[in-house]
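Numbering (my numbering), first residue to last: 3 to 102. Contents: one structure, followed by commentary.
And the structure:
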């Protein structure tokens, strides 16, 4: 299929360490394996907490906190400036907290 062909092309280009002109505009490159592994490693405990909650089948406040914890952990790894800004709003009801 066209999708599997594109994935093979991405893999070949990534392995060769180059991108064909226009390929980056057509679709974003797949995330680097090492970056994904780093996120998984850094957020392993948050993933485990959410997984345990989901296995119980509950959807209480504890599960919502586990989801937010995982989201924030991933955000800290991927876009730390935005995660820090979001965290600075903690406790602010009007959205004006923490930002000078």
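Just so you know, even glycine gets a beta-carbon here, dropped at the ideal spot from N, CA and C.
How far does the alpha helix (DSSP H) with residue 1 in it extend, from its first residue to its last?
Summary: the structure shown does not reach residue 1, with the chain confined to residues 3 through 102, and so no result is reported for it.
Our contact map puts residue 51 next to residue 68 with C-beta atoms below 8 Å; I'd like the distance itself, whole angstroms only.
Locating residue 51 in the chain shown gives position 49, where the first residue counts as 1. Locating residue 68 in the chain shown gives position 66, where the first residue counts as 1. Yes, they are in contact, since the Cβ atoms of residue 51 and residue 68 sit about 5 Å apart, within 8 Å.
Quick check: what's the CA-CA separation for residue 41 versus residue 91?
As a first step, residue 41 must be located in the chain shown, where it is residue number 39. As a first step, residue 91 must be located in the chain shown, where it is residue number 89. Distance between the alpha carbons of residue 41 and residue 91 is about 24 Å.
Among 85, 84, 80 and 88, which residue has its Cα nearest to the Cα of residue 36?
As a first step, residue 36 is located in the chain shown; it is residue number 34 there, counting from the start. When only C-alpha atoms are compared, the closest one is 80.
Reduced DSSP category for residue 45 - H, G, I as helix; E, B as strand; rest coil
Locating residue 45 in the chain shown gives position 43, where the first residue counts as 1. Annotated three-state conformation of residue 45 is coil, per DSSP.
For a quick check, are the C-beta atoms of residue 48 and residue 75 less than 7 Å apart?
Here residue 48 is taken as the residue at index 46 of the chain shown, counted from 1. Here residue 75 is taken as the residue at index 73 of the chain shown, counted from 1. A contact, by the Cβ cut-off of 7 Å.
For residue 70 and residue 84, the rounded distance between their alpha carbons
As a working mapping, residue 84 is identified with position 82 in the chain shown. As a working mapping, residue 70 is identified with position 68 in the chain shown. Looking at the two C-alpha atoms, the distance is approximately 15 Å.
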